[in-house]
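What follows is one structure encoded as structure tokens, with my remarks underneath.
2 protein chains.
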Amino acid sequence: MLTALGNSAATPESGLEGEVVGFQSVAELQAAPDAAVRGKIVFINHAMAPTQDGSGYGQFGAPRRQGPTIASRKGAVAIVVRSIGTDHHRNGHTGVQSFGEGAQPIPAAALTVPDAEQLQRILSRAGNRPVRMRITLTPRNIGTHQSGNVVAEVPGTDPSAGVIIIGGHLDSWDLGTGAIDDGAGVAITTAAAHRIMRAGRPRRTIRVVLFGAEEVGGGGGPTHFRVNNPTGNAVMVGESDFGADRVWRVEFSFAPANAALADRIAAVLAPLGIVRGNDPATAGADLGQWVRAGTAGIDLNQDGTRYFDYHHTPDDTLDKVDPVQLRQNVAAWTAVLSVLANAPERIEGITPAPPRQRP
Amino acid sequence: MLTALGNSAATPESGLEGEVVGFQSVAELQAAPDAAVRGKIVFINHAMAPTQDGSGYGQFGAPRRQGPTIASRKGAVAIVVRSIGTDHHRNGHTGVQSFGEGAQPIPAAALTVPDAEQLQRILSRAGNRPVRMRITLTPRNIGTHQSGNVVAEVPGTDPSAGVIIIGGHLDSWDLGTGAIDDGAGVAITTAAAHRIMRAGRPRRTIRVVLFGAEEVGGGGGPTHFRVNNPTGNAVMVGESDFGADRVWRVEFSFAPANAALADRIAAVLAPLGIVRGNDPATAGADLGQWVRAGTAGIDLNQDGTRYFDYHHTPDDTLDKVDPVQLRQNVAAWTAVLSVLANAPERIEGITPAPPRQRP
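Residue numbers (this note's numbering), protein chains in the order written: chain S, 1 to 359; chain G, 1 to 359.
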């Protein structure tokens, strides 16, 4: 069983059949001579395992993000990747990919993990004998249509103190219902802002933005940035977009002058079992642009251990939301907002944003 | 139920009774006036939750490491902390602490998590009414005795290429058997070196050091460093000391000139589901001194989600070792050694070692 990736071409209605050529990584595909790929269906395997911080998604997601373009450039007729997921159910994991310049769109799909493991076994046993596969994909490109951000504000008492922007995104992949990606983030940030509003007027305005288009590669986020920076006087950004499980770590992108502010936030989060991390906050897909431009940011990192069991699959449904952990998220965001919205000091980010270290 | 912490004073044989004064953090204890603490038994609570990377141990371990000294300086007659652990069993978590200069040793113990939660409930319900506790602790300081490191080498073919030092530690806390802390690390690194030895002679000598004294605050590690640096020509260090569960991440402290070497190591680890991290390696308690002095280091971070359920408790026993995950560790270390021991290039660390970023 398989599912089309974003921007995949369709196969003919009767399907597309071809010989399968398998690779264990994008690097292995990249290193292969074009002749080994031309006219074939490329398969890319990987060994993604669950991580609490979700860091496996970056590294092991390469087959989905880079595989289709490389396969197309080498003349493949289609590509199937092992789902970028950590479950063992017959549900494919879709997600966005874009064919790079000069790469002709080809059918591009994710096999479910059990099917990918089966195909790998078949290829391993076949040795030099050809293995053939027939796939049928029916995606249609219906062009660019209008979406919209939903914006709400808890007005502050001091307009000169700047605006805090938080939020999540409204769109989701078609296979599931988007309960954890990102209905949960929408609910968490809205509930936290509502609690602050109920407690009285904060010093700073809190803006909740529910972004209309994130999954297609970013639409609502960049648009909100373009319209509101720098005139909108935003001083702080943070997004909730990693499911509904508990916040386990907080990270900051604050100017050194705001070290005491970060200390106060870490102190109110510690009773919720939240540890303070050492890396700079990125503020997520919809708000990260602000941090990269020098606005202060905060990440409340959610436990991602089971996120990639459900993300972008038919299994992204409301029963995956654990109410106890959801409430811990709301408590954490409320605590953060209560400190940030009423902090007497100026809030400043890092300019330029610090690079991640490597190696 | 409770257990004595390292370097705790004993109570009288008949026990010690006193009024309990509770705090939610070390900072709260530190901020309290001495008069609120003098003559009392201090209790420090915390909210440590499991993390895959074990980062909660640093932050939430403060009550054990700093609490006894602060409580003693403020005139407390004893201190009990919520166990620095994440289980819910009636087993206390011990661990080292040292009374700072001018702090008179007092009885210092860890309550089991269920008992700490019960005490917190009692204190919360009591309001202003005094709560009294009787504790009996029987530790003895038997003075400093001799320990020893066990050192073995897989001799390399090229003495000028330098030595790779790996290992674990032999000592453990008295409550358990030390199966995961650190029998596992001893077994993993020894088995990996043995596999390399069986496969033929590597270019570089691999030295396995089983450190004789780590839990008391470092003895075998610093001694090996003092005797062997810089004359011993070590070019690479790495310790296994975080249980027996799977390696989920690799981190490097390599000079920029060794970026390609790090890439090759990350590539051989990816099929084991191991992700590449962005922070510098620290090389653990016994070998970290080398990295801080500029020697290259590698961390194979093990999954710590359940490590602090067992660590320093009577539950640290062999049944906690999952053979499948143990084998993944041996495979990872073997893969790392096979690349490092035969790498044609020079191996260099970072001088000075990079600081962790904050905030």
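The beta carbon of each residue, even a glycine, is placed where N, CA and C say it ideally should be.
**OP:** Report buried or exposed for G54 of chain G, applying the criterion of at least 16 other Cβ atoms within 10 angstroms of its Cβ.
**Re:** G54 of chain G should be labelled buried.
Original post:
If we cut at 9 Å on Cβ distances, does F308 of chain G have a partner in chain S?
Top reply: no
**OP:** Establish whether the CB of G243 of chain S and some CB of chain G are separated by less than 9 Å.
**Re:** no
Subject >> Beta-carbon gap between V330 of chain S and R195 of chain S smaller than 9 Å >> reply: yes
Original post:
Which two residues bound the contiguous beta strand (DSSP E) that contains V321 of chain S?
Top reply: From DSSP, V321 of chain S is part of no beta strand (DSSP E); its letter is neither H nor E.
Original post:
Span of the alpha helix (DSSP H) holding A31 of chain S?
Top reply: 26-31
**OP:** Check the Cβ of P271 of chain G against every Cβ in chain S and list those closer than 7 Å, keeping chain order.
**Re:** Q24, A47
**OP:** List in chain order: all unbroken alpha helix (DSSP H) runs of 4+ residues lying wholly within the segment 275-345 of chain G.
**Re:** 284-292, 307-310, 323-342
Subject >> Beta carbon of L119 of chain G nearer than 9 Å to that of L111 of chain G >> reply: In this structure, L111 of chain G lies closer than 9 Å to L119 of chain G by Cβ.
**OP:** Quick one: list the residues of chain G neighbouring T51 of chain S, beta-carbon separation under 7 Å, in chain order.
**Re:** Q52, W248, V275
Subject >> Contacts that G56 of chain G makes with chain S (C-beta to C-beta distance below 7 Å) >> reply: V275
Subject >> Reduced DSSP category for E101 of chain G - H, G, I as helix; E, B as strand; rest coil >> reply: coil
Original post:
Using Cβ-Cβ distances below 7 Å, what residues of the segment 287-319 of chain S are close to chain G?
Top reply: Listed in chain order, the positions of the segment 287-319 of chain S with a beta carbon within less than 7 Å of a beta carbon of chain G would be empty, since no residue qualifies.
Subject >> Beta carbon of D182 of chain G nearer than 9 Å to that of G162 of chain G >> reply: No, these two residues do not count as a Cβ contact at 9 Å.
Original post:
Are A71 of chain S and A108 of chain S touching if we call contact CB-CB under 9 Å?
Top reply: yes
Subject >> Length of the line joining the Cα atoms of T223 of chain S and G148 of chain S >> reply: 10 Å
**OP:** Tell me M236 of chain S's beta-bridge partners as DSSP assigns them.
**Re:** DSSP, once it has assigned bridges, lists S:I164, S:A296 as partnering M236 of chain S.
Original post:
Tell me which same chain residues have a C-beta within less than 6 Å of the C-beta of P359 of chain S, skipping the five on either side of it?
Top reply: Only weak support is given to the placement of P359 of chain S: the predicted model assigns it a pLDDT of 42, under 50, and the value that follows is read from those uncertain coordinates. Same-chain partners within the cutoff: there are none.
**OP:** Within the segment 133-201 of chain S, note down every full alpha helix (DSSP H) run reaching 4 residues or more, in order along the chain.
**Re:** 184-198
Original post:
Closest by CA to L2 of chain G, which one among G:G95, G:A36, G:G56?
Top reply: G:G95
Original post:
DSSP on L119 of chain G, reduced to helix/strand/coil?
Top reply: helix
Original post:
Using a C-beta to C-beta distance shorter than 7 Å, which residues of chain S count as neighbours of N329 of chain G?
Top reply: What N329 of chain G touches in chain S: nothing, since even the nearest Cβ is about 14 Å away.
Original post:
Whose CA, out of S:F99, S:L272, S:G284, S:T205, lies closest to the CA of G185 of chain S?
Top reply: S:G284
**OP:** With DSSP collapsed to three states, give me the class of L5 of chain G.
**Re:** coil
**OP:** Flag Q59 of chain S as yes if its beta-carbon sits less than 9 Å from any beta-carbon of chain G, otherwise no.
**Re:** yes
**OP:** Using a Cβ-Cβ cut-off of 9 Å, state whether D378 of chain G counts as contacting chain S.
**Re:** The shown model of chain G, from 1 to 359, leaves out residue 378 of chain G, and the question about it has no answer.
Subject >> Straight-line Cα distance separating G178 of chain G from V227 of chain G >> reply: The straight-line gap separating the alpha-carbon atoms of V227 of chain G and G178 of chain G is approximately 27 Å.
Original post:
With a cut-off of 8 Å, do at least 3 Cβ pairs link the segment 271-281 of chain S to the segment 25-36 of chain S?
Top reply: no
Original post:
In chain order, what residues of the same chain have a beta carbon less than 8 Å from the beta carbon of Q357 of chain S, not counting five sequence neighbours either side?
Top reply: Confidence is the limiting factor: at Q357 of chain S the pLDDT is only 45, short of 50, which leaves the residue's position unreliable, though a coordinate-based value still follows. So the list is empty, once near-sequence residues are dropped.
Original post:
Under a three-way DSSP split, which group does I265 of chain G fall into?
Top reply: helix
Original post:
By the criterion of Cβ-Cβ separation under 8 Å, what are the contact partners of A267 of chain S in chain G?
Top reply: S25, A27
**OP:** Pull up the distance between the alpha-carbon of A103 of chain S and that of V247 of chain S, whole angstroms please.
**Re:** 40 Å
**OP:** Please report the residue range of the alpha helix (DSSP H) in which F60 of chain S lies.
**Re:** 56-60
**OP:** Using 10 angstroms around the beta-carbon of L269 of chain G, count the other beta-carbons present and answer buried if the total reaches 16, otherwise exposed.
**Re:** buried
Original post:
Quick one: is D279 of chain G near chain S, going by C-beta distance under 9 Å?
Top reply: yes
Original post:
Can at least three beta-carbon pairs, one atom from the segment 210-223 of chain G and one from the segment 135-153 of chain G, be found at a separation below 8 Å?
Top reply: yes
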